[in-house]
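Protein chains in written order, with my numbering: chain B, 78 to 189; chain V, 11 to 127. Note that beta-carbon positions come from the ideal geometry of N, C-alpha and C, so glycine has one too.
What follows is the structure, encoded as structure tokens:
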């Protein structure tokens, strides 16, 4: 059974610092991995999707890496801003169109 | 991106009553729908997967007679929490799957917060 773990569970940084969020999964036979953002009481916003054959994806200040063999992904957010405060979730799926298995999330607070 | 709506966005009900949550994919057809549940400060847990026109497949530990899922059309799926109890209070999120062009993309609804008194 796939298990996804996110460390740390919570993170507080001053504005301008870079954020590093970690995600690990127990079964390396994944199809893809996604990073999501969730604001309090809201749904999910997809940030980045990495296919199993890829090693990283970038979008603006966000960069996500994937090391499938070791079961790890890292989300980097450069030059953090207060608006980046949210919960960040990673999720994996083992096949196209299959369910997502989510990690517990990392709650991020960026202090002005 | 695709638009997914959920109604209601929040609902408060008395213990023992039933609550229906609607999920609509407004600009695409979804043959598959995932329903997730999220307890406070926890992650999303899959409850069930439904395919249009067929019975839903429930995850272990999720009672199919308590959480009724109807996926009668390609743009609408409903989740009914029957005889709700306080422990059913949670955030329910639907996730329709869009297939096309050789790709599958999961979108997420904005969620429904259920509070059972």
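Asked: Out of curiosity, what's the CA-to-CA distance linking residue 131 (chain B) and residue 143 (chain B)?; Found: 7 angstroms
Asked: Among the candidates V:63, V:54, V:76, whose CA atom is the shortest distance from the CA of residue 84 (chain V)?; Found: V:63
Asked: For residue 103 (chain V), go through chain B and note every residue whose CB falls closer than 8 angstroms to its CB, in chain order.; Found: 120, 121
Asked: Going by beta carbon distance, what residues of the same chain come within less than 6 angstroms of residue 81 (chain V), once the five residues before and after it are set aside?; Found: 43, 60, 62, 87
Asked: Can you tell me whether DSSP reads residue 144 (chain B) as helix, strand or coil?; Found: strand
Asked: Just by C-beta distance, which residues in the region 152-180 of chain B are closer than 7 angstroms to chain V?; Found: 166, 173, 174, 176, 177, 179, 180
Asked: If the cut-off is 7 angstroms on Cβ atoms, which residues from the region 24-49 of chain V count as contacting chain B, listed in chain order?; Found: 42, 44
Asked: Measuring only between beta-carbons, confirm whether residue 102 (chain B) sits less than 9 angstroms from chain V.; Found: no
Asked: Does any residue of chain V have a CB that is nearer than 9 angstroms to the CB of residue 184 (chain B)?; Found: yes
Asked: Following the continuous beta strand (DSSP E) through residue 186 (chain B), name the residue where it begins and the one where it ends.; Found: 183-188
Asked: Take residue 37 (chain V) and list the residues in its own chain whose beta-carbon comes closer than 7 angstroms to its own, dropping the five residues that flank it on each side.; Found: 12, 13
Asked: Counting beta carbon pairs with one atom in the region 112-130 of chain B and one in the region 117-124 of chain V, are three or more of them shorter than 8 angstroms?; Found: yes
Asked: Determine which residues share a DSSP beta bridge with residue 87 (chain B) and list them.; Found: B:184
Asked: Helix, strand or coil for residue 110 (chain V)? Go by DSSP, reduced to three states.; Found: strand
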